[in-house]
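Trainee:
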């Protein structure tokens, strides 16, 4: 280890101390090693004379009455917690983001549908009513009218009515268009929401399946352990009886075989437990062949 | 030599060394190494602790070779502490030696 490595390692292991305290040790050790080297010692030797970094840092921290083990434990724990909660938070953020986007689309679909519906329903009635009124208005001067004024007004009236009528059809067309567009959006939103929900359900179902599978494996394993113990006991029993002169050689062999097979069943059960859902990976062999 | 023995007496040796003459770290390490064999690095945590407890004060002196040297000087508080510690050590080692002599003669 050279001087640089020694100093960086030391600094890292006492990084809990104040900067000024760290600075002190860095300066003193650097100077000490430099002086050793100026007296003809090699860098490696000079560093070695200082003693191992772990011991030094322990001694330094001890001189500040730091409880070293507690410090390390705390560090390890906090790192673990951070990782764990970070993972959960990421997942939650992802799900929430997707959910929010889907909800938004769904809501906008419904909104469009509703506005289209509102445009479609009450307005034609209102328009018809208005139309009747205008017709009535235009009808009155026609009935009475020989005067020039009346003629003008009637012409204006019918033109107004025609324009209104054209507008009315155009309006209806627009409303129907809007209505269908709204329905389309609604269906799209529904589909999106449903596919997302189905995906989630599938994922959750997969997890449930996994947990059930593991429970089954562990349960079978535990029962298997019990049976193995019983069979091993029987092997012992029959062996003892065999030595006593009983004809139990066949039973001994049977019990031995049974204990071995149940034992391997236990091992198999524990090997078959799965704790992760892994996506299908691309086959690597295929690319090599091509 | 037993590591526990060294640890206990190192503080006193450092204090007594600096009482005679102000010294900088490297010099002090050489001085201590004459008496007991310790990892050279272990003296500095001790120096820092004694400085933080105000038994030592430090000052810098320019040197012809390399950066300025940090000299350690025993304060009045340090002298009192060192004397008390020395008395303790003296009484302790006298008692222990007396005990060993008694054991030998039996």
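Residue numbers (our numbering), protein chains in the order written: chain A, 49 to 338; chain B, 7 to 112. Here a beta-carbon is modelled for each residue, glycine too, at the ideal position from N, C-alpha and C.
Classify residue 79/A as buried or exposed, calling it buried when 16 or more other Cβ atoms lie within 10 Å of its own Cβ.
Mentor: Within the first chain, numbered from 1, the residue matching residue 79/A stands at position 31. Label assigned to residue 79/A: buried.
Trainee: What residue range is occupied by the uninterrupted beta strand (DSSP E) comprising residue 38/B?
Mentor: Start at 1 with the first residue of the second chain, and residue 38/B comes out as number 32. Unbroken run through residue 38/B is the alpha helix (DSSP H), 31-41; no beta strand (DSSP E).
Trainee: Give me whichever residues DSSP pairs with residue 66/B in a beta bridge.
Mentor: Against the second chain, residue 66/B aligns to sequence position 60. Answer is 76/B, bridged to residue 66/B.
Trainee: Shorter than 9 Å from the beta carbon of residue 71/B to some beta carbon of chain A?
Mentor: Your numbering for residue 71/B matches position 65 in the second chain. Residue-level contact by beta carbon holds for residue 71/B and chain A, with a gap shorter than 9 Å.
Trainee: Give the interface partners of residue 115/B over in chain A, defined as CB-CB distance under 7 Å, in chain order.
Mentor: Residue coverage of chain B in this structure runs from 7 to 112, which leaves residue 115/B outside it and unanswerable.
Trainee: Pull up the distance between the alpha-carbon of residue 65/A and that of residue 52/B, whole angstroms please.
Mentor: As a working mapping, residue 65/A is identified with position 17 in the first chain. As a working mapping, residue 52/B is identified with position 46 in the second chain. Going by the C-alpha atoms only, they are around 15 Å apart.
Trainee: Using the three-state DSSP reduction, which class does residue 89/A fall into: helix, strand or coil?
Mentor: Locating residue 89/A in the first chain gives position 41, where the first residue counts as 1. Three-state result, residue 89/A: coil.
Trainee: Under three-state DSSP, which class holds residue 51/B?
Mentor: By 1-based counting over the second chain, the position of residue 51/B is 45. Of the three classes helix, strand and coil, the one that applies to residue 51/B here is helix, per DSSP.
Trainee: Do residue 104/A and residue 57/B have their beta-carbon atoms positioned less than 9 Å apart in this structure?
Mentor: Counting from 1 along the second chain, the entry for residue 57/B is found at position 51. Counting from 1 along the first chain, the entry for residue 104/A is found at position 56. Cβ distance not < 9 Å, so residue 57/B and residue 104/A don't count as in contact.
Trainee: With DSSP as the reference, label residue 71/B as helix, strand or coil.
Mentor: Here residue 71/B refers to the residue found at position 65 when the second chain is read from its first residue. Coil, per DSSP.
Trainee: From the beta carbon of residue 67/A, is the nearest beta carbon of chain B less than 9 Å away?
Mentor: In the first chain, residue 67/A corresponds to position 19, counting from 1. By the rule that beta-carbons nearer than 9 Å mark a contact, residue 67/A does not touch chain B.
Trainee: Listed from N- to C-terminal order along the chain, which residues in the segment 27-40 of chain B have their beta-carbon within a distance smaller than 8 Å of any beta-carbon of chain A?
Mentor: Listed in sequence order: 31, 32 and 35.
Trainee: Indicate whether residue 50/B and residue 76/A have their beta-carbon atoms separated by less than 9 Å.
Mentor: Here residue 50/B refers to the residue found at position 44 of the second chain. Here residue 76/A refers to the residue found at position 28 of the first chain. Yes.
Trainee: Given this structure, state the Cα-to-Cα distance separating residue 341/A from residue 255/A, to the nearest angstrom.
Mentor: Since the first residue of chain A shown is 49 and the last is 338, residue 341/A is not available in this structure.
Trainee: Is it right to say residue 84/A is buried, meaning 16 or more other beta carbons lie within 10 angstroms of its own, or is it exposed?
Mentor: Translated into positions along the first chain, residue 84/A becomes position 36. Looking at its Cβ environment, which holds 16 or more other Cβ atoms inside 10 Å, residue 84/A is buried.
Trainee: Between residue 60/B and residue 27/B, is the Cβ-Cβ spacing less than 9 Å?
Mentor: In the second chain, the residue the question calls residue 60/B occupies position 54. In the second chain, the residue the question calls residue 27/B occupies position 21. Cβ atoms of residue 60/B and residue 27/B: not closer than 9 Å.
Trainee: Alpha carbon to alpha carbon, how far is residue 232/A from residue 246/A?
Mentor: Translated into positions along the first chain, residue 232/A becomes position 184. Translated into positions along the first chain, residue 246/A becomes position 198. Roughly 21 Å separates the two Cα atoms.
Trainee: Contact criterion: CB-CB distance below 9 Å. Does residue 63/B meet it with respect to chain A?
Mentor: Position 57 of the second chain, counted from the first residue, corresponds to residue 63/B. No, because no Cβ of chain A sits closer than 9 Å to the Cβ of residue 63/B.
Trainee: Pairs of beta-carbons, one from the segment 28-38 of chain B and one from the segment 58-77 of chain B, closer than 8 Å: are there three or more?
Mentor: Yes: at least three Cβ pairs fall under 8 Å.
Trainee: If I'm right that residue 18/B touches residue 91/B with Cβ under 8 Å, what's the distance once you round it to whole angstroms?
Mentor: One-based indexing of the second chain puts residue 18/B at position 12. One-based indexing of the second chain puts residue 91/B at position 85. At roughly 5 Å, the Cβ-Cβ gap stays under 8 Å, so residue 18/B and residue 91/B are in contact.
Trainee: On the three-state DSSP scale, how would you describe residue 223/A?
Mentor: Position 175 of the first chain, counted from the start, is the residue given in the question as residue 223/A. The answer is helix: DSSP assigns residue 223/A an H, G or I state.
Trainee: With 9 Å as the limit, tell me which residues of the segment 78-90 of chain A have their beta carbon closer than that to any beta carbon of chain B; keep them in chain order.
Mentor: 78, 79, 80, 82, 83, 84 and 86
Trainee: Within 10 angstroms of the Cβ of residue 294/A, are there 16 or more other Cβ atoms? Answer buried if so, exposed if not.
Mentor: Residue mapping note: residue 294/A aligns to position 246 of the first chain, counting from 1. It counts as exposed.
Trainee: Closer than 8 Å, Cβ to Cβ, to anything on chain A: give me those residues from the segment 74-87 of chain B, in chain order.
Mentor: 75 and 76
Trainee: In the DSSP assignment, the alpha helix (DSSP H) including residue 305/A goes from what residue to what residue?
Mentor: Within the first chain, numbered from 1, the residue matching residue 305/A stands at position 257. Note, residue 305/A: alpha helix (DSSP H), 297-320.
Trainee: Could you pull out every residue in the same chain whose Cβ sits closer than 8 Å to the Cβ of residue 35/B, ignoring the five residues on either side in sequence?
Mentor: By one-based count along the second chain, residue 35/B stands at place 29. Close CB contacts of residue 35/B within its chain, under the 8 Å cut and outside five residues either way in sequence, are with 46 and 49 (chain order).
Trainee: According to DSSP, is residue 112/A part of a helix, a strand, or is it coil?
Mentor: Counted from its first residue, the first chain places residue 112/A at position 64. Coil, per DSSP.
Trainee: For residue 55/A, report the span of its alpha helix (DSSP H) as first-last.
Mentor: Working through the first chain from its first residue, we reach residue 55/A at position 7. Unbroken alpha helix (DSSP H) run through residue 55/A: 51-61.
Trainee: State the Cα-Cα distance for the pair residue 237/A and residue 140/A, rounded to the nearest angstrom.
Mentor: On the first chain, position 189 is the one that residue 237/A refers to. On the first chain, position 92 is the one that residue 140/A refers to. So the two alpha carbons sit approximately 22 Å from each other.
Trainee: With a threshold of 8 Å on Cβ separation, who are the neighbours of residue 50/A within its own chain once the five nearest residues in sequence on each side are excluded?
Mentor: Looking up residue 50/A in the first chain gives position 2. Only 91, 92 and 95 meet the Cβ criterion.
Trainee: Given a cut-off of 9 Å on the beta-carbon distance, is the pair residue 303/A and residue 320/A in contact?
Mentor: In the first chain, counting from the first residue as 1, residue 303/A sits at position 255. In the first chain, counting from the first residue as 1, residue 320/A sits at position 272. Contact: no.
Trainee: Examine chain B for any beta-carbon lying closer than 9 Å to the beta-carbon of residue 93/A, and answer yes or no.
Mentor: By one-based count along the first chain, residue 93/A stands at place 45. Taking Cβ atoms only, chain B never reaches closer than 9 Å to residue 93/A, which makes this a no.
Trainee: For residue 267/A and chain B, any beta-carbon pair shorter than 9 Å?
Mentor: For the purposes of this step, residue 267/A is identified with residue 219 of the first chain, where counting begins at 1. So, not an interface residue.
Trainee: Counting contacts by CB-CB distance shorter than 9 Å, is residue 68/B in contact with chain A?
Mentor: Stepping through the second chain from its first residue, residue 68/B is reached at position 62. Chain A, which has no Cβ nearer than 9 Å to the Cβ of residue 68/B, makes this no.
Trainee: Check residue 60/B in the structure and name its three-state DSSP category.
Mentor: For this step, residue 60/B is matched to residue 54 along the second chain. Residue state, collapsed to three classes: coil.
Trainee: Quick check: residue 272/A and residue 314/A, are their CB atoms within less than 9 Å of each other?
Mentor: For the purposes of this step, residue 272/A is taken as residue 224 along the first chain, with counting starting at 1. For the purposes of this step, residue 314/A is taken as residue 266 along the first chain, with counting starting at 1. Contact: yes.
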